[in-house]
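Numbering (our numbering) for the sequence shown: 575 to 834. Remarks on the structure that follows.
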Amino acid sequence: MIEILNPSDLLRAKDTGALVADILQTLKNRSTVGTNLLEIDRWAQSMIIEAGAQSCYVDYEPSFGRGPFGHHICTSVNDAVLHGLPYDYQLADGDLLSLDLAVCLGGVVADSAISFVVGDTQPPESVELINATERALSAGIAAAGPGARIGDISHAIGSVLSGAGYPINTEFGGHGVGSTMHQEPHVPNTGRPGRGYRLRPGLLLALEPWVMADTARLVTDADGWTLRSATGCRTAHSEHTIAITDDGAEILTLPRHARP
575 MIEILNPSDL LRAKDTGALV ADILQTLKNR STVGTNLLEI DRWAQSMIIE AGAQSCYVDY
635 EPSFGRGPFG HHICTSVNDA VLHGLPYDYQ LADGDLLSLD LAVCLGGVVA DSAISFVVGD
695 TQPPESVELI NATERALSAG IAAAGPGARI GDISHAIGSV LSGAGYPINT EFGGHGVGST
755 MHQEPHVPNT GRPGRGYRLR PGLLLALEPW VMADTARLVT DADGWTLRSA TGCRTAHSEH
815 TIAITDDGAE ILTLPRHARP
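Here is the structure:
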């Protein structure tokens, strides 16, 4: 299903996007050396409930997971890159943490992810991974607009990631959002320009470049959810929900203080 939102829906989507972004920024600020991943999940739960929103993850039970997920946020550390199930682990100096959050507010979903290094030690390879996904995300957003095609976005993202020397996995990528978290169209992190669904105003897309330093192969943890690099290398993940507008694309998941 592909949903095209009306102007009223888009106003609610902006509120949802701001909430997601603000929660992620708060969690980033709180995630210090010694913070437990289960604490992060509890903080996310509290902020979601306080805002009158609903988690998209607690009851999420897709075919690829051992569901339901049962937590409010994905916490992926170091070689974990997607669907990281929170568990009893205390963050260490230099850990690369990815937080992925999707909530529904007012009947509209927004989805976003950030990656950052915890503590004072900032390994250059980790910083480079994060920067590459952020640059790829910016490139994908710049390629989005009415009349553009999904392949244009995928090509822009993939060009940055491959140009930085990273292998690209296409099993998981961006996707449409709306009244539910995962919708068509699928947005692979590499592709051919001029191909695929033509974008229309009112379409919401969650674009999410992610990479692993030296492999494109994923392995699944015994928890049935957490996806890791097959070689144990570090990973990074950046994601924004955008709205296609009459003249381009608007990022919905910016923190309120960062909005123009």
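By construction, the Cβ of each residue, glycine as well, lies at the ideal position given by its N, Cα and C atoms.
*Should D530 go down as buried or exposed, given a rule of 16 or more other Cβ atoms within 10 Å for buried?*
The first residue shown for the chain is 575 and the last is 834, placing residue 530 beyond what the model contains.
_With distance defined between alpha-carbon atoms, name the residue in V594, W799 and L679 nearest to G658._
That would be W799, whose Cα lies nearest to the Cα of G658.
*Under the three-state reduction of DSSP, which class applies to R709: helix, strand or coil?*
Helix at R709.
*Residue environment, L675, which counts as buried when at least 16 other CB atoms sit within 10 Å*: That one is buried.
*Please look up how many angstroms separate the CB atoms of R808 and N610, rounded, as I've assumed it's under 8 Å.*
Rounded to whole angstroms, the Cβ separation of R808 and N610 is 21 Å, and the two are not in contact under 8 Å.
*Which residue or residues does DSSP assign as beta-bridge partners of M621?*
For M621, no pairing in a beta bridge is given by DSSP.
_For Q599 and A790, the rounded distance between their alpha carbons_ = Going by the C-alpha atoms only, they are around 29 Å apart.
*In the DSSP assignment, find the beta strand (DSSP E) that holds I825 and state where it starts and stops.*
Per DSSP, I825 belongs to the beta strand (DSSP E) from G822 to I825.
_CA-to-CA distance, A780 to G721, given in whole angstroms_ = Approximately 18 Å, taken between the alpha carbons.
*asked:* For a quick check, are the C-beta atoms of G747 and N763 less than 8 Å apart?
replied: Yes.
*Check whether the Cβ atoms of L665 and S689 sit closer than 8 Å, and answer yes or no.*
In this structure, S689 does not lie closer than 8 Å to L665 by Cβ.
*Return the first residue and the last residue of the alpha helix (DSSP H) that V607 is part of.*
Here V607 belongs to no alpha helix (DSSP H), and DSSP marks it neither H nor E.
*With DSSP run on the structure shown, which of helix, strand or coil describes P741?*
Three-state DSSP puts P741 in coil, outside helix and strand.
*May I ask you to report which of helix, strand or coil DSSP gives R586?*
The answer is helix: DSSP assigns R586 an H, G or I state.
*Who are the Cβ neighbours of P642 in its own chain at under 8 Å, not counting the five residues just before and after it?*
Within the same chain, V632, D633, Y634 and E635 come within 8 Å of P642 by CB-CB distance, once the 5 residues on both sides are set aside.
*Is the region 577-588 touching the region 748-756 in the sense that three or more CB pairs, one from each, lie closer than 8 Å?*
The answer is yes - the region 577-588 touches the region 748-756, with three or more Cβ pairs under 8 Å.
*Would you grab the beta carbon distance between H811 and L656 for me? Rounded to a whole angstrom, and I think it's under 8 Å.*
That belief holds up - the Cβ atoms of H811 and L656 are roughly 7 Å apart, short of 8 Å.
*Go through its chain and collect everything with a Cβ distance to R709's Cβ below 6 Å, but skip five positions before and after it.*
For R709, where only same-chain residues beyond five positions count, the Cβ hits under 6 Å are V734.
*With a cut-off of 8 Å, does the C-beta of R709 fall near any C-beta of chain D?*
Structure shown: chain D not included; a single protein chain is present.
_For a test of the three-state rule: what should DSSP assign to V734, helix, strand or coil?_
Under the three-state reduction of DSSP output, V734 falls in the helix class.
_Anticipated Cβ contact below 8 Å, I816 with I715, distance rounded_ = So it is a contact: roughly 6 Å between Cβ atoms.
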